[in-house]
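Accompanying notes for the structure given below.
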Amino acid sequence: MTLQKKLNAEAPKIPHLLARIAELFRPHRGALVLTVVLVLAAAALSVAPPLLTQRIFDQGLFPPTGRPDVPTLVQLVGLMVGAYVLSALLGVWQTYLTSTVGNEVMGALRVRLFTHLQSMELSFFTRTKTGVIQSRLQNDVGGVAGVLSNTVSGVVGNVVTVIAAFVAMVALNWQLTLIAVVLMPFLVVAQRRVGQVRARIATKTQESLSDMTAITQESLSVSGILLSKSFNRQPDEIGRYSKENRNLVRLQIRQAMSGQYFFALVTIFMSSIPAIVYLVAGWLLTGSVGAGAPAAITAGTIVAFTNVQARLLFPLIALMRVALDLQTSGALFARIFEYLDLKPAITDAPDAAPLPDGAPRLGEVAFDGVTFRYPDARGEERATLEDVSFAIEPGQYVAFVGPSGAGKTTVSYLIPRFYEATSGSVRFAGRDVRDIERESLVSHIGVVSQETYLFHASIAENLRYAKPDATLEELEAACRAANIHATIQSFPDGYDTVVGERGYRLSGGEKQRIAIARVLLKDPEVLILDEATSALDTVSERLVQRALDAAAHGRTTIAIAHRLSTVVGADVIYVVDGGRIAERGTHADLLAAGGTYAGLYAEQAAAPSPARQA
Numbered sequence: 001m002t003l004q005k006k007l008n009a010e011a012p013k014i015p016h017l018l019a020r021i022a023e024l025f026r027p028h029r030g031a032l033v034l035t036v037v038l039v040l041a042a043a044a045l046s047v048a049p050p051l052l053t054q055r056i057f058d059q060g061l062f063p064p065t066g067r068p069d070v071p072t073l074v075q076l077v078g079l080m081v082g083a084y085v086l087s088a089l090l091g092v093w094q095t096y097l098t099s100t101v102g103n104e105v106m107g108a109l110r111v112r113l114f115t116h117l118q119s120m121e122l123s124f125f126t127r128t129k130t131g132v133i134q135s136r137l138q139n140d141v142g143g144v145a146g147v148l149s150n151t152v153s154g155v156v157g158n159v160v161t162v163i164a165a166f167v168a169m170v171a172l173n174w175q176l177t178l179i180a181v182v183l184m185p186f187l188v189v190a191q192r193r194v195g196q197v198r199a200r201i202a203t204k205t206q207e208s209l210s211d212m213t214a215i216t217q218e219s220l221s222v223s224g225i226l227l228s229k230s231f232n233r234q235p236d237e238i239g240r241y242s243k244e245n246r247n248l249v250r251l252q253i254r255q256a257m258s259g260q261y262f263f264a265l266v267t268i269f270m271s272s273i274p275a276i277v278y279l280v281a282g283w284l285l286t287g288s289v290g291a292g293a294p295a296a297i298t299a300g301t302i303v304a305f306t307n308v309q310a311r312l313l314f315p316l317i318a319l320m321r322v323a324l325d326l327q328t329s330g331a332l333f334a335r336i337f338e339y340l341d342l343k344p345a346i347t348d349a350p351d352a353a354p355l356p357d358g359a360p361r362l363g364e365v366a367f368d369g370v371t372f373r374y375p376d377a378r379g380e381e382r383a384t385l386e387d388v389s390f391a392i393e394p395g396q397y398v399a400f401v402g403p404s405g406a407g408k409t410t411v412s413y414l415i416p417r418f419y420e421a422t423s424g425s426v427r428f429a430g431r432d433v434r435d436i437e438r439e440s441l442v443s444h445i446g447v448v449s450q451e452t453y454l455f456h457a458s459i460a461e462n463l464r465y466a467k468p469d470a471t472l473e474e475l476e477a478a479c480r481a482a483n484i485h486a487t488i489q490s491f492p493d494g495y496d497t498v499v500g501e502r503g504y505r506l507s508g509g510e511k512q513r514i515a516i517a518r519v520l521l522k523d524p525e526v527l528i529l530d531e532a533t534s535a536l537d538t539v540s541e542r543l544v545q546r547a548l549d550a551a552a553h554g555r556t557t558i559a560i561a562h563r564l565s566t567v568v569g570a571d572v573i574y575v576v577d578g579g580r581i582a583e584r585g586t587h588a589d590l591l592a593a594g595g596t597y598a599g600l601y602a603e604q605a606a607a608p609s610p611a612r613q614a
């Protein structure tokens with residue numbers, strides 16, 4: 001499809017897009033009305049000096065009497081200076097209002113987009129690069145900042161100035177006005193075409209910025225740096241970044257240069273008009289004198305007309321630039337609204353209700369014929385779980401084991417509705433999770449995953465993420481239960497120790513025990529342990545396992561385990577294989593059955609331990 005056909009196809013969307021942009025300004029109606037009033041006043045004042053110039057020439061400097069009229073000059077010059085002073089003051093006030101409104105609208109848009117992204121389901125983030133999401137928040141919203149700040153004052157002010165200047169020019173001499181505006185329609189058509197090209201380049205530029213942000217986020221994170229250094233791939237990362245940077249620079253140059261020849265043409269045309277006016281005025285004066293009639297045009301009229309026309313140049317160019325900016329920013333707004341229009345796949349049902357405190361059967365979890373299908377890289381759905389059913393009683397310690405990719409972690413994600421079951425029913429405390437408000441559901445569930453995430457903040461701040469109002473005594477109690485308090489106390493800064501990016505200043509076992517303490521502060525009825533010790537060495541695993549045993553006491557615990565030795569004491573072990581529950585029972589029962597579990601246990605028992613491997 002050609003560019004023109006594509007733009008024509010998108011044309012019906014433009015009014016809707018403009019309506020949505022206008023909606024962003026609705027909370028600031030009062031400030032906008034005041035801004036318009038100030039702009040109108042400033043625009044009216046801007047054409048007063050040229051009209052005063054005519055009077056200064058014709059009535060003050062060269063009156064019919066032949067001698068300058070000083071009192072009239074003083075009065076007219078005083079009015080001119082007063083107009084300049086008042087116009088400047090109005091400009092300062094107008095700038096404050098437009099800057100305030102523009103930045104507040106941009107800030108609200110950024111928060112609105114961030115809030116909406118927080119509501120998106122987990123699968124959205126697993127299929128979208130973090131850098132691309134960051135680019136929408138930073139580059140796209142930041143890219144429309146100037147338009148949001150300057151559009152109202154720029155459009156209204158320049159339109160009024162152009163109209164006022166045009167009226168003044170007609171009042172001074174209509175023949176000269178025709179000469180000044182004869183090519184305007186051609187300039188408007190040319191401006192529209194330039195805007196279309198700039199909009200296309202702007203879209204490609206933002207896409208390149210998104211790729212740059214994604215590369216930066218992937219390569220300069222702690223994990224990315226460790227990976228590139230481990231494989232000596234820094235030159236490749238630099239090359240990847242440099243290649244995208246060259247593409248971005250090329251697009252930015254094209255965007256900066258698009259329309260420059262057009263504006264050069266406008267400037268040449270508008271700047272040449274005074275010279276043409278002088279020539280035509282001379283012809284008019286010559287014709288009048290030759291006919292013996294009074295002069296149809298005076299020197300004051302010529303000076304005033306060229307002065308007004310000169311004032312028409314910059315507002316007209318500014319108006320065309322605003323029109324181009326609006327076309328360009330339309331592409332950015334479209335990208336922002338594209339994310340705002342995304343519908344979360346998992347939302348509360350209209351009749352969803354919270355779980356009351358002390359509700360009966362809290363801690364009970366059940367799956368009833370649950371099937372879950374997840375789209376693969378080609379967009380085709382594949383079954384991760386198929387017709388899974390089980391029931392967990394409050395206070396039970398239950399483990400899910402099986403080969404990698406069998407669907408164990410998916411089970412844990414369906415309980416707090418990180419994912420939504422394709423069919424069947426997931427029940428919590430006797431109710432379908434779809435009938436429970438998600439915020440209430442999640443408040444009763446704690447998750448400790450293999451990949452512990454800690455913020456670049458102090459240990460205390462990371463712990464209080466679970467309970468912002470927790471006292472130091474509560475932090476210490478949770479950390480004692482998680483077997484990490486003594487370690488924290490050994491740090492020079494204690495609980496004020498900054499853990500670094502993703503907690504890399506701490507060992508794996510220390511991070512995991514802090515994560516357990518964080519969950520203990522939440523004090524959930526159901527604790528989900530998603531392979532919480534699989535990445536640890538033997539010593540750290542033993543310390544963490546003791547912390548997990550303490551955390552599991554008195555609450556329903558669901559352990560997703562790779563190392564079977566960590567779940568031999570579970571009340572029930574479910575063996576997941578190929579997305580189905582293949583076996584269930586205690587450790588002793590499953591060994592006696594000689595099935596999949598027994599085979600996995602034998603393989604792990606025969607394999608060298610991490611300590612012997614080291």
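Position one of the sequence shown corresponds to residue 1 (full-length UniProt numbering), numbered consecutively onward. A virtual CB, placed ideally from N, CA and C, is assigned to each residue, including glycine.
Host alpha helix (DSSP H) of Ala478 (start-end): Translated into positions along the sequence shown, residue 478 becomes position 478. Start and end: Leu472 to Ala481.
Does DSSP classify Ile415 as helix, strand or coil? Position 415 of the sequence shown holds residue 415. In this structure, Ile415 counts as coil in the three-state DSSP scheme.
For a quick check, are the C-beta atoms of Val162 and Leu45 less than 8 Å apart? Start at 1 with the first residue of the sequence shown, and residue 162 comes out as number 162. Start at 1 with the first residue of the sequence shown, and residue 45 comes out as number 45. No, Cβ-Cβ distance for Val162 and Leu45 is not below 8 Å.
Around the C-beta of Glu510, are 16 or more other C-beta atoms found within 10 angstroms, so that it is buried, or is it exposed? The residue given as residue 510 occupies position 510 in the sequence shown. Answer is buried; the Cβ neighbour count reaches 16.
By the DSSP assignment, the beta strand (DSSP E) with Tyr397 in it spans what residues? Position 397 of the sequence shown, counted from the first residue, corresponds to residue 397. Run containing Tyr397: Tyr397 to Val401, per the beta strand (DSSP E) assignment.
Own chain partners of Ile302 with C-beta closer than 6 Å, once the 5 adjacent residues on each side are dropped: Position 302 of the sequence shown holds residue 302. Around Ile302: Ala281.
Cα separation between Ala588 and Ala399? Translated into positions along the sequence shown, residue 588 becomes position 588. Translated into positions along the sequence shown, residue 399 becomes position 399. Those two C-alpha atoms are separated by around 14 Å.
CA nearest to the CA of Phe455, picked from Arg361, Ile268 and Ile514: Sequence index remark: in the sequence shown, residue 455 carries index 455 (1-based). Closest by alpha carbon: Ile514.
Cβ neighbour criterion (16 or more within 10 Å) applied to Phe372: Taking the first residue of the sequence shown as 1, we reach residue 372 at position 372. Buried: at least 16 other Cβ atoms inside 10 Å.
Of all the beta strand (DSSP E) runs that stay within the bounds of the segment 474-527, which reach a length of 3 or more residues? none
Whether Glu364 touches Pro394 by CB criterion (8 Å): Taking the sequence shown and counting its residues from 1, the one referred to as residue 364 is at position 364. Taking the sequence shown and counting its residues from 1, the one referred to as residue 394 is at position 394. Yes, they are a contact pair.
Look up Val448 in the DSSP assignment and give the residues it is bridged to. Working through the sequence shown from its first residue, we reach residue 448 at position 448. In DSSP, Val448 forms a bridge with Leu529.
Only counting the same chain, and skipping five residues up and downstream in sequence, which positions put a Cβ closer than 8 Å to that of Tyr415? Residue mapping note: residue 415 aligns to position 415 of the sequence shown, counting from 1. Checking the sequence shown, residue 415 turns out to be Ile, not Tyr. Closer than 8 Å at Cβ, skipping near neighbours: Val365, Val426, Phe428, Val433, Ile445, Val526, Ile528 and Ile558.
For the alpha helix (DSSP H) that contains Ser443, what are its first and last residues? Numbered from 1 along the sequence shown, position 443 holds the residue referred to as residue 443. Here the alpha helix (DSSP H) through Ser443 covers Arg438 to Ser443.
Start-to-end residues for the alpha helix (DSSP H) that takes in Glu596: Within the sequence shown, residue 596 is the residue found at index 596, counting from 1. Correcting the residue type first, residue 596 is Thr in the shown sequence and not Glu. Residues Thr596 to Ala606.
Does the segment 59-74 come close enough to the segment 122-130 that 3 or more CB-CB pairs lie under 8 Å? no
Which residue wins for smallest C-alpha separation from Leu137, given the options Gly569, Ala352 and Leu209? Position 137 of the sequence shown, counted from the first residue, corresponds to residue 137. With distances taken between Cα atoms, Leu137 lies closest to Leu209.
Between the alpha carbons of Trp174 and Gly60, how many angstroms are there, rounded? Taking the first residue of the sequence shown as 1, we reach residue 174 at position 174. Taking the first residue of the sequence shown as 1, we reach residue 60 at position 60. Each residue's Cα considered, the two are about 24 Å apart.
Use the C-beta contact count for Tyr413: other C-beta atoms within 10 angstroms, 16 or more gives buried, fewer gives exposed. To locate residue 413, count along the sequence shown from 1; it is residue 413. Looking at its Cβ environment, which holds 16 or more other Cβ atoms inside 10 Å, Tyr413 is buried.
Quick check: the Cα distance between Leu172 and Tyr339, rounded to an integer number of angstroms? In the sequence shown, residue 172 corresponds to position 172, counting from 1. In the sequence shown, residue 339 corresponds to position 339, counting from 1. Approximately 53 Å, taken between the alpha carbons.
When you compare the CB positions of Gly424 and Asp368, do they come within less than 8 Å of one another, or not? For the purposes of this step, residue 424 is identified with residue 424 of the sequence shown, where counting begins at 1. For the purposes of this step, residue 368 is identified with residue 368 of the sequence shown, where counting begins at 1. Result yes, Cβ atoms of Gly424 and Asp368 sit closer than 8 Å.
Could you pull the start and end residues of the alpha helix (DSSP H) that Thr557 belongs to? Taking the first residue of the sequence shown as 1, we reach residue 557 at position 557. First-last for Thr557: Thr556 to Ile560, but that is the beta strand (DSSP E), not the alpha helix (DSSP H).
CA-to-CA distance, Leu564 to residue 616, given in whole angstroms: Outside the shown range of the chain (1 to 614) lies residue 616, about which nothing can therefore be said.
Excluding the 5 residues flanking Ser119 on each side, which residues of the same chain have their C-beta closer than 8 Å to its C-beta? Translated into positions along the sequence shown, residue 119 becomes position 119. So the qualifying residues of the chain are Pro344 and Thr347.
Ala570 (DSSP reduced to helix, strand or coil): Locating residue 570 in the sequence shown gives position 570, counting from the first residue. Coil, per DSSP.
Note down the Cα distance separating His553 from Ala481, rounded to an integer number of angstroms. Along the sequence shown, read from residue 1 onward, the residue named residue 553 stands at position 553. Along the sequence shown, read from residue 1 onward, the residue named residue 481 stands at position 481. Going by the C-alpha atoms only, they are around 11 Å apart.
As assigned by DSSP and simplified to three states, the class of Ile459: Taking the sequence shown and counting its residues from 1, the one referred to as residue 459 is at position 459. Residue state, collapsed to three classes: helix.
For Arg431, which of helix, strand or coil comes out of DSSP? Start at 1 with the first residue of the sequence shown, and residue 431 comes out as number 431. Arg431: strand per DSSP, three-state reduction.
Could you pull out every residue in the same chain whose Cβ sits closer than 6 Å to the Cβ of Arg254, ignoring the five residues on either side in sequence? For the purposes of this step, residue 254 is taken as residue 254 along the sequence shown, with counting starting at 1. Closer than 6 Å at Cβ, skipping near neighbours: Ile201.
I need the straight-line Cα distance from Glu218 to Leu548, nearest angstrom please. As a working mapping, residue 218 is identified with position 218 in the sequence shown. As a working mapping, residue 548 is identified with position 548 in the sequence shown. Each residue's Cα considered, the two are about 32 Å apart.
What residue from Leu176, Tyr84, Ala48 and Ala334 has the CA that sits closest to Ile273's CA? In the sequence shown, the residue the question calls residue 273 occupies position 273. Closest by alpha carbon: Leu176.
Is the Cβ-Cβ distance between residue 624 and Val572 less than 8 Å? With the chain covering only 1 through 614, there is no way to say anything about residue 624.
Going by Cα to Cα distance, which pick from Gly579, Asn247 and Ala42 is closest to Glu207? Translated into positions along the sequence shown, residue 207 becomes position 207. That would be Asn247, whose Cα lies nearest to the Cα of Glu207.
According to DSSP, residues forming a beta bridge with Ala366: Here residue 366 refers to the residue found at position 366 when the sequence shown is read from its first residue. In DSSP, Ala366 forms a bridge with Ala391 and Arg427.
Exposure of Tyr597, with buried meaning 16 or more beta-carbon neighbours within 10 Å: Reading the sequence shown from its first residue, position 597 is the one you call residue 597. Result: buried.
Residue(s) in a DSSP beta bridge with Gly407: Locating residue 407 in the sequence shown gives position 407, where the first residue counts as 1. For Gly407, which the question treats as bridged, DSSP gives no partner whatsoever.
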